[in-house]
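Take a look at the structure set out below.
Numbering (this note's numbering), first residue to last: 6 to 186.
Below is the structure:
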């Protein structure tokens, strides 16, 4: 659980990263930055700053702020019902460097270091390096995780409707909704 003071400090860090990427935000957007700590209490190791611009039945656009070497844990976006196969998403690097991991042959050497204590919760190893201006699209229900490089990273995410609360994480300890108290 994050305290209100911790959440505000993490929002400030996300704003600094967005500024590094040249992303201009309104005052309302600045106050809406979500801090995702995944319930692990290790935000600097596993977490994200998330700003949702739009999330309708048809599309979603977000900015993701990541501290140096910070990881978004392994997960997938499963089918919602017979008419929705799950979220398709594209990650576009805006600033820094990020490493995206998807199913496929294991890359050697890996550029990322797994979060200590959670090594068994990572199972896909094909590495895609994303530098500013580069992007990669994931099909629905694709297992994936990603980690910022040593300076941190800002990624834009474009997708079909986002239902983050329905994401399935490999690590059963993860709670997608951050608790603030």
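C-beta atoms are modelled at their ideal positions from N, C-alpha and C, and glycine is treated no differently.
Checklist entry - For residue 26, which residues from the same chain have a beta carbon less than 7 Å from its beta carbon, with the 5 sequence-adjacent residues on both sides left out? => result Start at 1 with the first residue of the chain shown, and residue 26 comes out as number 21. Result list for residue 26: 99, 100 and 159, in chain order.
Checklist entry - For residue 81 versus residue 106, is the C-beta spacing smaller than 8 Å? => result Position 76 of the chain shown, counting from 1, holds the residue named residue 81. Position 101 of the chain shown, counting from 1, holds the residue named residue 106. Not in contact: residue 81 and residue 106 (Cβ atoms no closer than 8 Å).
Item to check | Rounded separation between residue 34 and residue 59 - CA only | outcome: By one-based count along the chain shown, residue 34 stands at place 29. By one-based count along the chain shown, residue 59 stands at place 54. Straight-line Cα distance between these residues: approximately 11 Å.
Item to check | residue 188 - partner residues in DSSP beta bridges | outcome: The chain is shown only over 6 to 186; residue 188 falls outside these bounds and no answer can be derived.
Next on the checklist: DSSP has residue 135 in a bridge; who is on the other side?
Outcome noted: Working through the chain shown from its first residue, we reach residue 135 at position 130. Its beta-bridge partners are 103.
Item to check | Beta-carbon proximity list for residue 111, same chain, < 6 Å, skipping 5 on both sides | outcome: For this step, residue 111 is matched to residue 106 along the chain shown. Correct list, in chain order: 130.
Checklist entry - What number of angstroms, rounded off, separates the C-alpha of residue 184 from the C-alpha of residue 176? => result One-based indexing of the chain shown puts residue 184 at position 179. One-based indexing of the chain shown puts residue 176 at position 171. Rounded to whole angstroms, residue 184 to residue 176 spans 18 Å at the Cα level.
Next on the checklist: Buried or exposed, going by whether 16 or more other CB atoms sit within 10 Å of the CB of residue 42?
Outcome noted: Position 37 of the chain shown holds residue 42. Buried is the call here.
Checklist entry - DSSP state of residue 11, grouped into three classes? => result Locating residue 11 in the chain shown gives position 6, counting from the first residue. Helix.
Item to check | Start-end ranges of the beta strand (DSSP E) lying completely within the stretch 31–102, minimum 3 residues | outcome: 39–41, 53–60, 65–71 and 76–81
Checklist entry - Given residue 9, which residues of its chain have a CB within under 7 Å of its CB, disregarding the five upstream and five downstream residues? => result Looking up residue 9 in the chain shown gives position 4. Excluding positions up to five away in sequence, the list reads 185.
Next on the checklist: By the three-class DSSP mapping on this structure, what secondary structure does residue 152 have?
Outcome noted: Along the chain shown, read from residue 1 onward, the residue named residue 152 stands at position 147. Strand, per DSSP.
Checklist entry - How is the beta strand (DSSP E) around residue 142 delimited, first residue to last? => result Translated into positions along the chain shown, residue 142 becomes position 137. Element bounds for residue 142: 140–143.
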